[in-house]
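In what follows, a single structure is set out as C-alpha cells and then discussed.
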Amino acid sequence: MKSGSDLLKTFGTDTVFDVNAIVAHVLFTVLFDEVKSVETQEELRNIERAVKGRADIVLAQLPMLGLPEHRAVMEAAFVYGAKHQFVLTKGGSLERLGIEDPDSPGSHLWFLHCREVLRQSDPCQHTTLKKPLTTLNVYTFLQLMETPLVTEASVDPSDVKTVGSHLHAPLLFLFSQRETLALDRVTAETLGWRLRGEVAVVLIHRDSADVRTPVEYNAAYRLPAEGSVIKYFNLKSIEEVVNLFREDTVQEEEEDIDEDWAVLDVLDDEVVESVYRDRDVELDVGLVTELTSDTFSKAVQESNTAVVLFFVRWDAASLAVMQSFKEVADALEDIADVQLACVDCGEWTDVCSSQLIAAFPTVRMYWSGGLPHTYTGMLGTESLLKYIMLSLAAAPVLLSSSQEVQSFLQGDLFHTQATLSPTRVVGLLSSSQDSGWPMFEGAAQALRGETLLGLFADQQAEQWAKDHNVKLPAILVFRAPDSTIKAHSLQLSSTEQLVSDIQKLLLDTFPELTVENLPLYLELRKPLLLLFLGPEGDEEQGQGLDRRDAREELHRLADTSLLDTYVPCWVHLGRTPAGRAVLESYLGSIPQLPALVLSQLASGGEVFHFPSESPLNSDTVLQWLHRVERKEEQPAGLVLDEKWGPSVPFYDFLSIMDQEVPGYAAQKTPKMTKNMVGEKGSDEEPGHSNRTPSTKKHMPQQEVPTSHQHSEF
Amino acid sequence: MPPSFLPLLTLLAGLGHCLPGKDCGTNSTHRHDYCVLGAGPAGLQMGYFLSQTQRDYIILERNSGPGSFFNVYPRHRKLISINKVYTGRRNPEFNLRHDWNSLLSDRPDLLFKRVSTQLYPRADALPRYLSLFAEELGLRIKYGVDIGKIHVSEPAFHGGHGYRLTDQNGLEYTCGILLVCTGLWVPQEVNFFGSELVEGYESIPVDPEEYRGQAVLILGKGNSAFETAQSILGRASRIHLYSPSPVRLAWQTHYVGDLRAVNNELLDTYQLKSLDGLVEGGLEEIAIVRYDSEERNKSSRRKKHGSVEMKGRGQLYLTLDELLDNQNKTLAFSPMTLPGYHNDNFSLRQPYDRVIRCLGFRFNFSIFEGAASLLHSGMARGRLPAVTAWYEGKGTPGLFVLGTASHSRDYRSSAGGFIHGFRYTIRAVHWILEQRYHNRAWPTTKLQTTQLLSWLLRRVNEASGPYQMFGVLGDIVLLRGSHFEYLEEFPLQALAQFSTLSGHRVTKSGMLVLVMQYGLNRTDTLGSGRAESEWTWAWRSNFLHPVLYYYSTIPTEQEMKHRPAGWPLPRPKAIHHMIEDFLTEWDGPMSHIQPLRRFLEHCLQTDLRAFYAESCFRFSLTYREPPIFCRLGYLKKQGVIGNRKLWQHAREAGLMPTHHDSGTPKEDMSFQNYITKAAASVASGMNFHL
C-alpha cells in the first residue's frame, strides 16, 4: 500500500482474503496511528492513564483480524477515531475487565468511560456491547454512549424525540413531579447506568401541561420496532425494569453476574499470590529449626546467637520472608555459632505472647548474656545475612593500637564482616575513662548489625584526630566504594543523639539508589535529584562514556555543598530495573539515557527533566536547578497524588441480604420489638401452640381441656 | 537495682487493698471491697481475677470445700461437659475451645486434664480440680460461712452503696461490691394435685437395681431427665418422659443445655418401639393419683389371683386435674377420674411405680432482702435473676450475678450458663469492675493497621472466648487510622455503653466487632445443603463462623434494642461473614483471607495489599504517598524483599511488571558463593559500586 511515494505498509495476500479483510486492513493501515493495539493489561492501563479525564476508550477484542467484526470496528474507528481512543486486543490477557470469560474466543467490544474520571485512582467504568459486532450495532452503541445518561423532557412520551428514537434502541420513560424530582433523577441515573448502551432513559416532567399520561402510572416504555405502542406500567424496583428489557437474556445475565464476582476470586495481592503459587509445596523450613513451647527457652538460652523468625502461616509476607530466612540458613550452615529458628505463632501462641510479638513477621536475635534485639531492617536474604554477620562482631570492637585502628578501617580485622559492610566507624576517645565511653557502648549496641563500630580510647587517638583536623571526641567513617576516611567531631549529649548522628554520617553524599536503601534517603524529605543510567553494556552511541561522565560530574557537585537542599543520587536501571517504571511514570516514556530528573516528592510533587540535548555538567545542572527554583521550568511530569483506596469494589453482604431476604437485615420498628419481647417471654413452651386437639372421643366435652393433648411425636 | 525494687512492689500490692475512703487495717476480716458469694467454678474464677489485680476480696462458701454442688450432681456422676485432651493441637488458647471444664488462669498446667483425661469425666473430678485451683493460686476462701441474709448497707464505695451479709452465726460481712456466684441449686418444682407423690432428681436412688421391672414416669425432658432414664434403661420396664415441650437436641440447636447425645439412648428405644416414650403436655394441668392398696384389693376382689399378678406393678396414675372432683380431691381414685376411662388410647393410661421430677434447678432468691432483692428474669420461667448486659442485678448497683445464675442473658442461645462460657463473662465483668472502680481501662493491644488482617485471623483461628460465647462476647477493634486498638471479649449487648464500661473512645475512623455466630436459617442439621462453601454465600453459613460488623459510631441503646430479629447487633454500616469452615480453620487465601481483606479495605477506605520492596520502591518514588503496607514497612526500612522465584510468580500472575532487561548479576550468585567469595569482591551482593 502506498501513500504518495512512501511505502506505508505491505501485507501479504493471505491476510486479504475477502472484502471484509481488505476494508479492515486498509482502514487499519490508514488509522495506524490512531488505533492502538495492546497485548497486556499493563499496556491497556497505560493508555487508560493517558486518556483519563480527556477521552473515552473503545476497546475491541478481536481474536482474528480480517473478519466482519474487524471491519465493523475499523469502520467505527474511521468515524469516531478522533473522538474516542480505539484500542484493539487479541484478548486473553485483559483480566481487568473481568466481565467476559477470558477464554471466550469471540469478538467483544467495550466502552471505557474514562473521560469523566477525575482522579487517576478511580477506575474507568465500562459498558459492554451486548449485541453482535456489526457496523450498525457498534454505531448505535457508540451513539448511545454519547447521549447523556438521562434525557429530560416536558412533553408526552409519544412526542419525545431523542437520539434513542432514531437509533433503534428502546426508550424508557420515567414520570416525575416537582416534589420528587431529585429522587427520581437518582433513580433515572441508576437505571441509566444499568441499561447504558441498551436503552435510552427519558425523565418526563409530569407538571407540564403537555404530558397526558394518566397519573396512576409512573413509567412507560417503547420498543424500537416500527409502529410499536407505548406501554405504561408502574415502576416498583430497578431490578424489575432491568429485567423487563432483558427478559430474553435472563440466563445470560446470571452468568454475567457470576463471572463478575468470579473476578474477585483471583488473588490481587502480589505477595499472597506468589506465595500461593507454591501451595503444592508443604511449608518446608529447610535448615531453620522449628521451635515449640517446649524447646523455645532452651534453644535461645543455649545457643550463642539464635535468630528467630516469628510467623503465622496465614500471613503471606511471613511466608515470603521465610523463603529469605531459609536462604540465610543455607548460607550460614557452616557457621556453628548461629542458629536460625522459627516459631509458628498460630500454634505456639503462648511463646509469641510471652515474647510480646505484635507484628508478623518479626525477626529477633537472642544472644547469650544479652538482651534480645528485634531486627528492624529489610526482610531479605542479603540484609538479614549482613545483619547476622555484623552482629557477630563485638559491639563495639575495642581497638587497642593505631595498627588495629588501621586494619579495622581497612577491613583486615573482622574480615568476613568487613566485606559485608560498606562502612566502618571508629569512635575516638582520649581514654576509657572518658564520659563518652558508655554512650559509644550504647550506640554500638543500637547499631549492632547495621555497621561495624570500633572504639579507640587511647592517647594516640589524639594523633588520629589531629591527622584528620578534628577534635576529640570524634569518629572516623570509612566508606568502601571509594575507600575514603572522613573524620567528624562530635558533641556527645546522649546515646540516641550519637546513634542518629552516626546514622546520618553513614549516608552517602551521592548514593546509588537501590530498592533496599531508598527509604534511608527518602527520610531526608528533600527533593531527589535522580540520574538514571542505562544498563551496563548498553553502549549504543558511546553512551557508556556519557554515563560515566555524567555520574562523575554530579558526584563532584554532590561533594560540594551546592546541592545540600537536594538528595543527589543515581539509579542503575540494570541493577534496579524498577527504576525504569519510575522514569516512565515521571516522563510518560523512557527518554534518552542518562537522564537527570528532579523529583519534588515531598513538596509540590512536580517532576522536572533536565533537557537531554544539553550537555550535562556542573554549571548546566546548577543553572537548570535555579530555573526550576524560579519556576521558569515547565514540569515534565507529576508525582501521582492519589489515595490508595480499596483495590476492588466491596462485596456488600448487606445489600445481598436485603435483596434475597427482605427484612432479614432490617432494624425492627419499635412495634415489632414489643412482639419480640412477647415471644421471648413465652419461649418456654414453643410446642404449646403446635398441639391440636384430636382425641376428643369418649371424653365429655366440658371435661376435656383442649389445650391438653398428649400427642406423641 | 532489682533487689531493692522487689520489696517495694510487694508493699504496694499490700496497700492496694486499701481504697480511698476505706478504713484499712481495722476489722478488715469482715469488711471487703469485694465479696464473692460461693466457691463454685464461678466464684473461684472471679476470685482468681481479683487476686490477679490484688484486690481486697473474700470468697464466702457455706460448705467445707469448693464446688460442693458437684459432690451430689449430676446424680449419675457423669459430667457431660467435653474434656477433649487430645485435640492434635498444642495451642493452649485453641485447646480451650474443646476444654469445657477448666478455669482461666495464667498457669498452663492448671487445666482440668490434670485431674481427668476422660472425654466425659466423673463428677468427682470437678471438686478435686477446683480444690487444686483454689489451692495453687492461693485464693482467699472462707468455708463454713452460710450467708442467710443480704441487705443493702450504708457505707459508700465509690459513690454507690454496699452490701451487708449475715451468716448463720449472726456474723456480718460488709462488702463494697457483691459478686453472687451461688449457682442454681434449688430444685425446680411444680405444684399439682399429687405432686407429693413425686420423687425428686435430688433424692432418687441411683442404683439401677432399685428400678428393676418398674414402670417409671419422668417429668422433664432435659439432660437430667434423660440421664436418669439412661441409667435405669436396662432395669426399668417402661420409661416415659413427660413435659410441655418436645425434646430439643443440642446437636440441632447448638445449645449445650439442650439434650446432649451422650444421654439420649432413650430416643433410640422410643423410636424403635422398645417400650419407652416421650409425651408432651402441660405440667400444671396434671395430677398424680395413688391407687392405694385398699382400693386395689377392693377392685381386684373379683379376680382373686390378680393381686399376686399385680405385685410390684404400678400404683401411680397420671390424670388430669380437670377430671378430678375439685371439691373433694382426697377421694382421688375412681376409674372415672382417669383419662383412659374417657379415651381408651390415652398415651399414659398405664400406671407407674414411680414418678420422678427432673425439672432442673432455680436460683435461691430468698436471701436477698429489701433493696437488695433481685428481680426475676422473664427467661427460663423466672428461675433466674434479671441482670444487665454487664451482669449487674437490675436495680441492685454494685451487685453482680455471675456463673450459672447469670444465664438469663443468653438462656437457650449461648454458653453463659456453663463453665466454658461463664469463665469468659467473668473475665469481662472483672475488666468492667476495674474500669468502674479503679479507673483501669480495659486492656487493649495497639498494633499497626497493616497487622489488622493477620491479627483478626489469629483470633478467628484460635480465640476460645468468642468461640464458646458465640453471639454474646465479641472482640472490638477500635480503628485509629494507621494503627488500631484491639480489645478482646466485650459483652455485645452492652455495646451502647462501650465507652463507659471499657474506658475507651471510638474515633471517627469507627470500629469493628468480631463475633462468632451460628447461622440463623435452621436447615436440616444432617441433611444435604447444611453447609455453604462459596464465600459469596457466607452470610448463609449455618455452622459457627466469624462475622465482622463495621460501625462508624457506637450503636445507641435504641439501635441495639431494634436490631434485626435474631441478630446479636444492630444493622451495621457494613458486614462481613467469613464462610463457615468444616475444620474451623479460616486461613484460605481465596475463600477466607482475601474477602476479609477487601472488607477491611472498604471499612478503612485504604488498600491493604502487601507489596514486595521493589513495588514499594516504585510507589514511593512515583506517588506522594505509597500504600499503607509500604508506608509502615518499606519506608521504615522493613520492606519484604522476597526472592527471584516469588517475583517470578507475581510477574506471571501479572501483579508485578515484567522487566524487559532482566538478569541482574546479583541474583545469579548462590549464597554459598556469596559468602565464600565475599572476600574476593567486596560487594558481590551489595550494590555499592559499579
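In order, the protein sequences belong to chains A and B. Going by the working numbering, the first residue of the first sequence is number 26, and it counts up by one from there. Going by the working numbering, the first residue of the second sequence is number 1341, and it counts up by one from there. A virtual CB, placed ideally from N, CA and C, is assigned to each residue, including glycine. Treat the numbers as computed from the prediction; the structure is a model and nothing was measured.
Do residue j and residue i count as a contact pair if the criterion is CB distance below 9 Å?
| i | j | result |
| --- | --- | --- |
| Leu1519(B) | Cys1375(B) | yes |
| Arg1462(B) | Lys1489(B) | no |
| Gly222(A) | Thr152(A) | yes |
| His1770(B) | Leu1479(B) | no |
| Ser2031(B) | Met1676(B) | In the structure as shown, chain B begins at 1341 and stops at 2030. Residue 2031(B) is therefore absent and cannot be evaluated. |
| Val524(A) | Gly479(A) | no |
| Ser1892(B) | Lys1913(B) | yes |
| Ser299(A) | Gly1982(B) | yes |
| Gly1743(B) | Pro1381(B) | yes |
| Leu501(A) | Leu396(A) | no |
| Val1800(B) | Trp1879(B) | no |
| Ala1569(B) | Asp1616(B) | yes |
| Leu515(A) | Ala486(A) | no |
| Tyr1503(B) | Gly1738(B) | yes |
| Ala1565(B) | Leu1573(B) | no |
| Leu1944(B) | Leu1819(B) | yes |
| Ile1487(B) | Arg1402(B) | yes |
Sort out for me which residues DSSP pairs residue i with in a bridge.
| i | result |
| --- | --- |
| Tyr1631(B) | Beta-bridge pairing links Tyr1631(B) to no other residue. |
| Trp1875(B) | For Trp1875(B), which the question treats as bridged, DSSP gives no partner whatsoever. |
| Cys1515(B) | His1372(B) and Tyr1503(B) |
| Gly1540(B) | Arg1697(B) |
| Ala1914(B) | Tyr1890(B) |
| Gln684(A) | Its beta-bridge partners do not exist; DSSP assigns none. |
| Cys594(A) | Leu555(A) |
In the DSSP assignment, find the unbroken beta strand (DSSP E) run with residue i in it and report its ends.
| i | result |
| --- | --- |
| Gly479(A) | Leu477 to Ala482 |
| Gly1617(B) | Gly1617 to Glu1620 |
| Ala85(A) | Ile82 to Gln86 |
| Leu1656(B) | Leu1656 to Leu1660 |
| Cys1970(B) | No beta strand (DSSP E) contains Cys1970(B), which is instead part of the alpha helix (DSSP H) from Ile1968 to Leu1972. |
Which residues bound the alpha helix (DSSP H) around residue i?
| i | result |
| --- | --- |
| Pro1935(B) | Gln1934 to Leu1944 |
| Ile615(A) | From DSSP, Ile615(A) is part of no alpha helix (DSSP H); its letter is neither H nor E. |
| Pro1679(B) | Pro1679 to His1682 |
| Trp392(A) | First-last for Trp392(A): Thr387 to Trp392, but that is the beta strand (DSSP E), not the alpha helix (DSSP H). |
Nearer than 8 Å: is that true of the beta carbon of residue i relative to any heavy atom of the ligand ZN?
| i | result |
| --- | --- |
| Leu424(A) | By its list of ligands, the structure shown contains no ligand whatsoever, and the ligand ZN lies outside what it can speak to. |
Item to complete: Quick one: which unbroken alpha helix (DSSP H) runs of 4-plus residues sit fully inside the stretch 1393 to 1477 of chain B? Chain order, please.
Response: 1409 to 1412, 1432 to 1435 and 1465 to 1476
Worksheet item: Should the stretch 1620 to 1633 of chain B be regarded as contacting the stretch 1575 to 1590 of chain B, the criterion being three or more beta carbon pairs within less than 8 Å?
Response: yes
Discussion item. If contact is defined by three or more beta carbon pairs under 8 Å, each pair taking one atom from either stretch, is the stretch 1536 to 1555 of chain B in contact with the stretch 1704 to 1713 of chain B?
Written reply: no
Worksheet item: Do the stretch 604 to 617 of chain A and the stretch 670 to 682 of chain A meet, that is, are 3 or more Cβ pairs less than 8 Å apart?
Response: no
Discussion item. So, does the stretch 403 to 423 of chain A touch the stretch 432 to 440 of chain A, judging by three or more C-beta pairs under 8 Å?
Written reply: yes
Fill in: the stretch 1797 to 1814 of chain B contacting the stretch 398 to 410 of chain A, beta-carbon criterion three pairs below 8 Å
Under the three-pair Cβ rule at 8 Å, the stretch 1797 to 1814 of chain B does not count as touching the stretch 398 to 410 of chain A.
Worksheet item: Per the contact definition of three or more C-beta pairs closer than 8 Å, is the stretch 1769 to 1789 of chain B in contact with the stretch 321 to 334 of chain A?
Response: No: fewer than three Cβ pairs fall under 8 Å.
Item to complete: Can you check the stretch 1783 to 1817 of chain B for any alpha helix (DSSP H) of at least 4 residues that lies completely inside it and give the ranges in chain order?
Response: Entirely contained in the stretch 1783 to 1817 of chain B, the alpha helix (DSSP H) runs reaching 4 residues are, in chain order, 1792 to 1802 and 1805 to 1808.
Worksheet item: Given 8 Å as the limit, is there contact between the stretch 638 to 648 of chain A and the stretch 574 to 589 of chain A, that is, 3 or more CB pairs closer than that?
Response: yes
Worksheet entry | Stretch pair the stretch 89 to 106 of chain A + the stretch 50 to 65 of chain A: three plus CB contacts closer than 8 Å | yes
Practice prompt. Starting from the N-terminal side, write out each stretch of the beta strand (DSSP E) that is 3 residues or longer and does not extend beyond the stretch 469 to 532 of chain A.
Written response: 477 to 482, 499 to 504 and 509 to 514
Discussion item. Below 8 Å, how does it come out for the stretch 201 to 215 of chain A and the stretch 167 to 178 of chain A: are there three or more Cβ pairs, yes or no?
Written reply: yes
Discussion item. Taking 8 Å as the cut-off, does the stretch 347 to 358 of chain A touch the stretch 317 to 325 of chain A (at least 3 CB pairs, one atom from each stretch)?
Written reply: no
Discussion item. When you compare the stretch 1902 to 1921 of chain B with the stretch 1862 to 1879 of chain B, are there three or more beta-carbon pairs, one atom per stretch, that lie closer than 8 Å?
Written reply: yes
Discussion item. Would you call the stretch 659 to 668 of chain A in contact with the stretch 616 to 630 of chain A, where contact means no fewer than 3 C-beta pairs closer than 8 Å?
Written reply: yes
Practice prompt. Indicate whether the contact test is met: 3 or more Cβ pairs, each with one atom in the stretch 648 to 660 of chain A and one in the stretch 1953 to 1972 of chain B, closer than 8 Å.
Written response: In short, these stretches do not touch, since the Cβ pair count stays below three.
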